[in-house]
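In this note's numbering, the protein residues as written are 565 to 928. Each residue gets a CB set at the ideal place from its N, CA and C atoms; glycine is no exception. Below: one structure, written as structure tokens.
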Ligand code: COA
């Protein structure tokens with residue numbers, strides 16, 4: 565391996581990433597080598613129940629979370645502690661967490677954006693893994709739409725929330741950038757827009773004495789393409805080499821799984837996904853006249869967990885997740901919400917059934 569290749573390889577290696585091909589195999593290690601394993605955070609409950617119309621019972625939400633916990637997924641984002649006036653689907657977040665029983669090997673997490681959210685989350689600290697997150701946004705109008713603050717106001721809010729997290733004994737270790745790849749309201753965003761949003765978060769962390777171990781880049785509205793994922797991830801990694809990078813991808817136009825693959829090829833080993841492709845941000849919808857392209861009548865869901873698991877495992881990347889159990893959980897999600905979900909793997913099933921010998925082959 566030449567020094568130049570080694571340098572690139574080191575630049576892209578994630579903390580838990582191991583090369584698929586051993587370093588001493590004699591062949592050059594390429595920047596496109598995939599991680600040996602990935603960590604998937606299942607966000608189906610939180611993402612899905614924030615957008616699905618109609619009342620979904622607390623018991624059904626807990627039923628889905630339990631089914632997901634039985635798939636082997638290590639982390640499940642189970643709810644949002646947000647304004648029930650803005651997100652009625654999560655008015656019962658406290659009841660959901662109270663009903664959950666701890667499951668060995670599964671961490672439960674939650675999402676919040678303000679002091680009231682922190683207060684509510686802390687009540688459940690025996691059940692939830694609480695991670696203080698600095699939320700930044702690469703687009704001014706999406707910040708207004710989702711968080712009801714300007715970017716400048718959000719910087720102040722995030723400084724205050726860092727202090728509130730620390731006062732509550734919650735470490736602040738993550739920066740999450742919303743709309744990092746494009747925005748339904750602002751249109752195309754540049755790599756610099758994403759970098760500036762990370763920089764804002766890093767500045768707030770430094771001023772608060774917080775040490776950042778993870779930078780999450782969210783394609784909240786499904787604008788990313790694989791080349792852009794490579795560019796943004798590469799720039800973020802070169803500028804901040806230490807924190808792990810997480811991708812949170814939505815799948816509006818079929819590029820979601822290609823974007824995930826681009827991330828994998830850059831050594832990204834942490835992904836947020838949702839079972840069946842549940843989800844979507846209710847504040848991402850821009851009221852366009854309906855046209856042949858359908859506009860944005862519904863916000864896009866995330867890349868489906870079972871699609872990423874299939875992609876990873878067929879590519880020799882471990883996930884620790886039982887695909888058959890995940891597919892069952894996807895069908896359960898469909899029965900709970902009362903309609904089909906976009907995941908192709910829910911329709912096509914896994915490949916394992918077809919790898920069994922037919923009865924004729926077994927006899928001969
Ligand atoms: N938990 C419970 N209630 C909350 C709350 C929380 N975390 N945050 C706000 N509220 C309440 C407020 O007290 C207020 O109630 P009131 O009208 O009875 O006084 C009401 O919800 C509306 O609050 P809002 O005007 O939105 O102001 P805010 O500045 O306090 O909160 C947000 C701003 C963005 C934090 C809040 O609107 C929110 O959580 N929005 C949802 C964002 C979201 O989930 N996006 C999708 C995921 S990306």
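- The Cβ neighbour count for residue 802, taken over all protein chains shown within 10 Å, is under 16; the residue is labelled exposed.
- About 6 Å separates the CB atoms of residue 868 and residue 909; that is less than 8 Å, so the two are in contact.
- Taken in chain order, the complete alpha helix (DSSP H) segments of 4 residues or longer contained in the segment 695-739 are 704-711 and 715-731.
- Residue 779 and residue 741 have their C-alpha atoms roughly 8 Å apart.
- The closest heavy atom of the ligand COA lies 8 Å or more from the beta carbon of residue 639.
- The three-state secondary structure of residue 868, taken from DSSP, is strand.
- Within a 10 Å sphere around the beta-carbon of residue 680 sit fewer than 16 other beta-carbons, which makes this residue exposed.
- Only buried fits residue 706, as 16 or more other CB atoms lie within 10 angstroms of its CB.
- Closest by C-alpha distance to residue 818, out of 774, 866, 911 and 668, is 866.
- Rounded to the nearest whole angstrom, the C-alpha separation of residue 733 and residue 852 is 44 Å.
- The closest CA to that of residue 713, considering only 745, 688, 677 and 729, is found on 677.
- Between residue 723 and residue 768 the beta-carbon gap is near 6 Å, inside 8 Å, which marks them as a contact.
- Across the structure, residue 844 and residue 668 are spaced so that their CA atoms are roughly 29 Å apart.
- Between residue 785 and residue 826, the gap from beta carbon to beta carbon reaches 9 Å or more.
- For residue 675, the enclosing beta strand (DSSP E) begins and ends at 671-675.
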